[in-house]
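K.L.:
Going line by line, the protein sequences match chains A and B.
Position 100, counted from 1, in the first sequence is what my numbering calls 147; the numbers after and before it change by one each time, with no gaps.
Position 63, counted from 1, in the second sequence is what my numbering calls 215; the numbers after and before it change by one each time, with no gaps.
This structure is in structure tokens; I'll ask about it shortly.
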Amino acid sequence: MIAIIAIIVTLVVLGIILAAVYNSLVTRRNQVDNSWSQIDVQLKRRHDLIPNLVEAVKDYMSYEQETLTKVTEARAAAIGAGNQGPQAQAQAENVLTDTLKSLFAVVENYPDLKANQNVMSLQEELTATENKIAFARQFYNDSVLTYNNKIQTVPSNLIAGTFNFSPRQFFAAPEEDKAVPTVDLR
Amino acid sequence: MGFVVTLLAALGFAIGEAVIGGTSGGIGLLGVFGIVAIVWSVIGYYSGDKMVLAVSGAHRVTHEDEPQLFNVVEEMTIAAGLPQAPAIYVIEDPAPNAFATGRDPQHASIAVTRGLMAALDREELQGVVAHEMSHVRNYDIRFATLVGILVGMIALIADFFLRWSFFGGSGRRRGGGDSGGNAGAILLIIAIVLAIVAPLAAYSVQFAISRRREYLADATGVELTRNPLGLARALFVIASDPQPLRHANRATAHLYIANPRKNKKDKAVTGVFDTHPPIQKRIDVLLAMAHAGPEALTDGAAPHVDEAAATQPPA
């Protein structure tokens with residue numbers, strides 16, 4: 048009699064533990080997916096900010112049409128790359144980042160423009176957006192780390208294997224970005 | 153935490169047993185104090201943050217009022233993966249300081265002084281905001297409130313008992329039909345000793361906890377920004393400013409990033425009743441994380457990277 052009760056209690060406890068681990072695996076996986084789409088939210092925000100910036104500086108910078116055109120084209124390319132997979136998208140976004148950097152370097156040469164309230168607030172917004180993209184990617188990587196740890200460590204790896212939880216990839220910077228950028232101050 | 157609870161329970165039981173007589177007396181008094189503590193905690197838990205913000209003279213700001221501050225807080229919210237950003241408040245005071253309050257990330261607020269925003273650049277501000285949000289993430293406010301309530305209870309019980317035993321206790325004891333005068337006297341002595349020692353022990357534990365959580369907030373703040381130098385330089389700037397914060401008092405001092413009531417002597421050693429660790433120690437810890445020396449504090453925006461050292465493998 049007691050043996051039967053003991054067995055039932057053990058099974059119930061095991062079942063509860065199993066459910067708890069499974070739930071935490073699901074929660075972690077969902078967080079990884081959510082943080083990935085949060086990166087897209089920030090990227091889209093940047094796409095939306097750029098036309099305002101171009102409008103604000105256009106009239107002052109009549110001799111810098113080439114830079115402005117590059118920015119607009121890079122933005123269009125980045126939006127287009129949205130459905131070509133994460134690799135192509137990341138590359139297009141990096142090109143856009145570079146054109147924006149050139150634009151702000153050029154703005155330094157126009158003191159009226161630099162002091163313009165509109166331009167200053169747009170610059171702050173774009174700096175903030177760049178930071179948010181970076182932090183969103185950082186949080187995505189942190190989520191992937193936690194999730195991968197959970198599905199690979201004992202004992203949760205047993206449950207992860209049974210229910211087909213597969214590891215996720217980290218977001219990695221493309222190789223070109225790892226070179227230290229040179230700033231030409233001439 | 154457990155130490156404080158046990159101390160409280162022991163104190164209540166000892167006093168109850170000595171005062172009312174018998175184990176049932178001990179348990180009864182424990183229960184009374186327990187109910188008072190629970191009611192007190194519930195009130196503090198739900199409205200504590202509003203009280204603190206009102207006392208500190210903070211007013212709420214929006215994205216339009218303070219775009220950079222708002223953006224920095226949003227960046228840290230994203231890095232921490234919180235569902236929503238805390239409410240942002242500004243205190244019109246020239247002394248640089250900041251605090252965070254709120255029982256959990258959904259009900260959190262961060263307040264920053266005007267002096268802080270003027271004194272720090274974006275990177276340093278980010279470090280300070282990350283530190284404050286880490287207090288929220290680690291549920292430090294909830295934790296500190298509970299510890300504070302319990303410690304306050306211990307102090308109150310001890311105070312109550314000491315007054316009672318000096319002004320009315322002996323009369324009642326002689327009158328009441330108590331069993332065995334000697335045992336009763338020993339219990340009384342134990343209770344008095346506990347009543348004197350317990351509050352001191354509890355306070356020192358409370359302050360030790362506060363110092364630990366400050367170090368933890370520094371470290372988890374760096375976990376958010378991945379930039380220890382930002383916070384290190386911010387602390388350096390805050391420490392160099394001699395002005396005390398006008399709206400801070402002893403009750404709210406522990407919430408701020410640096411002790412707002414500046415002491416004249418710059419302590420290198422931690423006092424037992426300090427709410428914050430010495431700023432120099434905090435800066436040293438952060439510099440060690442960055443593998444940088446003290447020159448990085450006043451260097452300019454980016455730290456120097458020794459090209460030769462950077463390309464050689466670590467020894």
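Where a beta carbon is used, it is the ideal one built from N, C-alpha and C, also for glycine.
All figures in this text were calculated on a predicted structure; none of them were measured in a lab.
My assumption, with CB atoms under 8 Å, is that Leu383(B) sits in contact with Ala282(B). Please give the rounded CB distance.
P.N.:
Taking the first residue of the second sequence as 1, we reach residue 383(B) at position 231. Taking the first residue of the second sequence as 1, we reach residue 282(B) at position 130. Between Ala282(B) and Leu383(B) the Cβ distance is about 7 Å, and since that is below 8 Å, they are a contact.
K.L.:
Give the DSSP bridge partners of Ile240(B), in chain order.
P.N.:
Taking the second sequence and counting its residues from 1, the one referred to as residue 240(B) is at position 88. Per DSSP, Ile262(B).
K.L.:
Got a sec: which bits of the stretch 167 to 183 of chain A sit with their beta carbon under 8 Å from any beta carbon on chain B, in order along the chain?
P.N.:
Ser168, Glu171, Glu172, Thr174, Ala175, Asn178, Lys179, Phe182 and Ala183
K.L.:
Our contact map puts Val73(A) next to Val191(A) with C-beta atoms below 8 Å; I'd like the distance itself, whole angstroms only.
P.N.:
The residue you call residue 73(A) lines up with position 26 of the first sequence. The residue you call residue 191(A) lines up with position 144 of the first sequence. Distance from Val73(A) to Val191(A) at the Cβ level is roughly 15 Å; contact not present, criterion being Cβ atoms closer than 8 Å.
K.L.:
DSSP three-state label for Thr209(A), please.
P.N.:
The count along the first sequence starts at 1 and reaches residue 209(A) at position 162. Thr209(A): helix per DSSP, three-state reduction.
K.L.:
By alpha-carbon positions, which one of Ile206(A), Lys179(A) and Ser213(A) ends up nearest to Leu376(B)?
P.N.:
Here the question's residue 376(B) lines up with position 224 in the second sequence. Closest option to Leu376(B), judged by alpha-carbon separation, among Ile206(A), Lys179(A) and Ser213(A): Lys179(A).
K.L.:
Assuming contact is defined by CB atoms lying nearer than 8 Å, are Ala410(B) and Ile390(B) in contact in what I supplied?
P.N.:
As a working mapping, residue 410(B) is identified with position 258 in the second sequence. As a working mapping, residue 390(B) is identified with position 238 in the second sequence. Yes.
K.L.:
What alpha helix (DSSP H) runs, 4 residues minimum, are completely inside the stretch 303 to 385 of chain B?
P.N.:
322 to 327 and 333 to 377, all fully within the stretch 303 to 385 of chain B.
K.L.:
With three or more C-beta pairs closer than 8 Å as the rule, is the stretch 224 to 232 of chain B touching the stretch 275 to 290 of chain B?
P.N.:
Contact holds: three or more Cβ-Cβ distances are below 8 Å.
K.L.:
Is it right to say Thr253(B) is buried, meaning 16 or more other beta carbons lie within 10 angstroms of its own, or is it exposed?
P.N.:
The residue labelled residue 253(B) in the question sits at position 101 within the second sequence. By the neighbour-count rule (16 or more Cβ atoms within 10 Å), Thr253(B) is buried.
K.L.:
Quick check on the burial criterion: 16 or more other C-beta atoms within 10 angstroms. Buried or exposed for Glu216(B)?
P.N.:
One-based indexing of the second sequence puts residue 216(B) at position 64. Glu216(B) comes out exposed.
K.L.:
Using a beta-carbon distance below 8 Å, is Ser84(A) in contact with chain B?
P.N.:
On the first sequence, residue 84(A) is found 37 positions in, with the first residue counted as 1. With 8 Å as the cut-off, Ser84(A) does not count as an interface residue toward chain B.
K.L.:
Drop a sphere of 10 angstroms on the beta-carbon of Gly366(B), count the other beta-carbons inside from all chains shown, and report buried for 16 or more, exposed for fewer.
P.N.:
Position 214 of the second sequence, counted from the first residue, corresponds to residue 366(B). Per the sequence shown, residue 366(B) should be read as Glu rather than Gly. Buried: at least 16 other Cβ atoms inside 10 Å.
K.L.:
Please name the residue in Ile361(B), Gly423(B), Ile243(B) and Asp292(B) whose C-alpha comes closest to that of Thr372(B).
P.N.:
As a working mapping, residue 372(B) is identified with position 220 in the second sequence. Measuring from the Cα of Thr372(B), the nearest candidate turns out to be Asp292(B).
K.L.:
According to a CB-to-CB cut-off of less than 8 Å, which residues of the stretch 184 to 202 of chain A neighbour chain B?
P.N.:
Gln185, Phe186, Asp189 and Ser190
K.L.:
What do you get for Gln89(A), buried or exposed, if any count of 16 or more other CB atoms within 10 angstroms of its CB means buried?
P.N.:
Your numbering for residue 89(A) matches position 42 in the first sequence. So Gln89(A) ends up on the buried side.
K.L.:
For Thr57(A), which residues of its own chain have a beta-carbon under 7 Å away from its beta-carbon, when the five flanking residues on both sides are left out?
P.N.:
Counted from its first residue, the first sequence places residue 57(A) at position 10. Nothing listed; no residue qualifies.
K.L.:
Starting from Ala219(A) and walking both ways along the alpha helix (DSSP H), at which residues does that stretch end?
P.N.:
As a first step, residue 219(A) must be located in the first sequence, where it is residue number 172. Where Ala219(A) is concerned, there is no enclosing alpha helix (DSSP H), given that its DSSP letter is neither H nor E.
K.L.:
Does the CB of Ala371(B) have a neighbour CB from chain A at under 8 Å?
P.N.:
Working through the second sequence from its first residue, we reach residue 371(B) at position 219. No, because no Cβ of chain A sits closer than 8 Å to the Cβ of Ala371(B).
K.L.:
Evaluate Met228(B) with the Cβ neighbour count: other Cβ atoms within 10 Å of its Cβ, from every protein chain shown; 16 or more gives buried, anything less gives exposed.
P.N.:
Reading the second sequence from its first residue, position 76 is the one you call residue 228(B). When all chains shown are included, Met228(B) counts as buried.
K.L.:
Compute the Euclidean distance between the alpha carbons of His94(A) and Ser84(A), then round it to the nearest angstrom.
P.N.:
Translated into positions along the first sequence, residue 94(A) becomes position 47. Translated into positions along the first sequence, residue 84(A) becomes position 37. Approximately 15 Å between the Cα atoms of the pair.
K.L.:
Using the Cα positions of Arg76(A) and Arg215(A), report the straight-line distance between them to the nearest angstrom.
P.N.:
Position 29 of the first sequence, counted from the start, is the residue given in the question as residue 76(A). Position 168 of the first sequence, counted from the start, is the residue given in the question as residue 215(A). Rounded to the nearest angstrom, the two C-alpha atoms are 9 Å apart.
K.L.:
Which term fits Val349(B), buried or exposed, when burial requires 16 or more other beta carbons within 10 angstroms of its beta carbon?
P.N.:
Counted from its first residue, the second sequence places residue 349(B) at position 197. It counts as exposed.
K.L.:
When DSSP labels each residue in this structure, what does Phe388(B) get in the three-state scheme?
P.N.:
Stepping through the second sequence from its first residue, residue 388(B) is reached at position 236. Reduced to three states, the DSSP call for Phe388(B) is helix.
K.L.:
Quick check on DSSP: helix, strand or coil for Arg212(B)?
P.N.:
On the second sequence, residue 212(B) is found 60 positions in, with the first residue counted as 1. Note: Arg212(B) maps to strand in three-state DSSP.
K.L.:
Write down the C-beta distance between Asp263(B) and Ser208(B) rounded to the nearest angstrom, noting that I regard them as a contact closer than 8 Å.
P.N.:
On the second sequence, residue 263(B) is found 111 positions in, with the first residue counted as 1. On the second sequence, residue 208(B) is found 56 positions in, with the first residue counted as 1. According to the sequence shown, residue 263(B) is Ala rather than Asp. Indeed, because the Cβ distance is near 6 Å, the residues count as touching under 8 Å.
K.L.:
Specify the secondary structure class of Phe251(B) as computed by DSSP and reduced to three states.
P.N.:
Residue numbering aside, residue 251(B) sits at position 99 when the second sequence is read from its first letter. If DSSP states are grouped into helix, strand and coil, Phe251(B) belongs with the strands.
K.L.:
Grab the span of the alpha helix (DSSP H) containing His287(B) for me, first residue to last.
P.N.:
Taking the first residue of the second sequence as 1, we reach residue 287(B) at position 135. It spans Arg274 to Arg289 - the alpha helix (DSSP H) in which His287(B) sits, taken as one unbroken run.
K.L.:
Quick one: what's got a C-beta closer than 8 Å to Ala166(B)'s C-beta in the same chain, skipping five residues either side?
P.N.:
Within the second sequence, residue 166(B) is the residue found at index 14, counting from 1. Excluding residues within five positions, the ones whose Cβ falls inside 8 Å are Gly178, Leu339, Ile342, Ala343 and Leu346.
K.L.:
On a Cα-Cα basis, can you pick out the residue from Glu447(B), Leu449(B), Leu181(B) and Ala448(B) that is closest to Phe313(B)?
P.N.:
To locate residue 313(B), count along the second sequence from 1; it is residue 161. Among Glu447(B), Leu449(B), Leu181(B) and Ala448(B), the Cα nearest to that of Phe313(B) is on Leu181(B).
K.L.:
In angstroms with no decimal places, state the Cα-to-Cα distance between Asp311(B) and Phe425(B).
P.N.:
Here the question's residue 311(B) lines up with position 159 in the second sequence. Here the question's residue 425(B) lines up with position 273 in the second sequence. So the two alpha carbons sit approximately 20 Å from each other.
K.L.:
Does the contact criterion of 3 or more C-beta pairs under 8 Å hold for the stretch 161 to 181 of chain A versus the stretch 59 to 70 of chain A?
P.N.:
no
K.L.:
Could you name the residues that DSSP lists as bridge partners for Tyr194(A)?
P.N.:
Residue 194(A) sits at position 147 when you count from the first residue of the first sequence. Its beta-bridge partners do not exist; DSSP assigns none.
K.L.:
What first and last residue would you give for the alpha helix (DSSP H) that runs through Pro430(B)?
P.N.:
Counting from one through the second sequence, the residue named residue 430(B) turns up at place 278. No alpha helix (DSSP H) contains Pro430(B), which DSSP labels as neither H nor E.
K.L.:
Three or more C-beta pairs closer than 8 Å, one from the stretch 119 to 131 of chain A and one from the stretch 141 to 160 of chain A: is that the case here?
P.N.:
Yes, they touch.
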